[in-house]
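This report refers to the structure that appears directly beneath it.
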Amino acid sequence: MENNETKICYPKQHNHEITGSTRISGCCEYAHNHRFATVSGDAIPCDGSHVHEVKFTTDSCNGHHHEFCGTTGKAIDVGCGKHVHLLKGCTSYDANHKHEFIVATAIENPVCE
Numbered sequence: 005m006e007n008n009e010t011k012i013c014y015p016k017q018h019n020h021e022i023t024g025s026t027r028i029s030g031c032c033e034y035a036h037n038h039r040f041a042t043v044s045g046d047a048i049p050c051d052g053s054h055v056h057e058v059k060f061t062t063d064s065c066n067g068h069h070h071e072f073c074g075t076t077g078k079a080i081d082v083g084c085g086k087h088v089h090l091l092k093g094c095t096s097y098d099a100n101h102k103h104e105f106i107v108a109t110a111i112e113n114p115v116c117e
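Every letter in the sequence shown is one number past the one before it in this note's numbering, and letter 47, counting from 1, is 51.
Laid out in structure tokens, this is it:
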């Protein structure tokens with residue numbers, strides 16, 4: 005398999021917008037999810053590609069919220085020299101539960117020039 009990641013040219017310092025929703029947790033009248041929005045940290049070189057640190061706090065629901073701190077996957081080429089990253093994980097444990105999530109970052113500059 006050819007390693008296209010090393011051929012992706014990207015600004016060394018760039019960020020990605022990230023928005024998403026957690027998976028539903030709880031049951032019956034306690035079933036709920038949370039939303040989140042943030043901007044990633046700058047690019048961190050990693051095995052011929054790069055990743056980004058991500059931190060966020062979810063919205064409040066039923067009097068509680070959750071936090072996350074982690075790292076995206078490597079860059080995924082989407083054409084026109086642009087890329088996205090996959091981010092999946094679990095939020096912090098609060099109100100006797102946590103939430104899983106999986107999202108893709110926004111393209112760091114969605115305009116193909």
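Quick reminder that beta carbons are idealized off the backbone N, C-alpha and C, glycines included.
All of these numbers come straight from a predicted model, not from anything done at the bench.
- Residue 112 sits in coil when the DSSP states are folded into three classes, being neither helix nor strand.
- Cβ contact annotation for residue 25 (same chain, cutoff 6 Å, sequence separation greater than five): 37 and 39, in chain order.
- By the beta-carbon neighbour count (other beta carbons within 10 angstroms, threshold 16), residue 28 is exposed.
- Annotated three-state conformation of residue 50 is strand, per DSSP.
- Taken through DSSP and simplified to helix, strand or coil, residue 84 comes out as coil.
- Counting along the chain, the unbroken beta strand (DSSP E) around residue 25 starts and ends at 21-25.
- Counted as a single uninterrupted DSSP element, the stretch harbouring residue 78 is not any beta strand (DSSP E), since DSSP gives it neither H nor E.
- Put simply, of 99, 76 and 112 the residue whose alpha carbon is nearest the alpha carbon of residue 66 is 99.
- For residue 88, same chain residues with a beta-carbon under 8 Å away, outside a window of 5 residues either side, are 20, 79, 80, 82, 108, 109, 110 and 111 in chain order.
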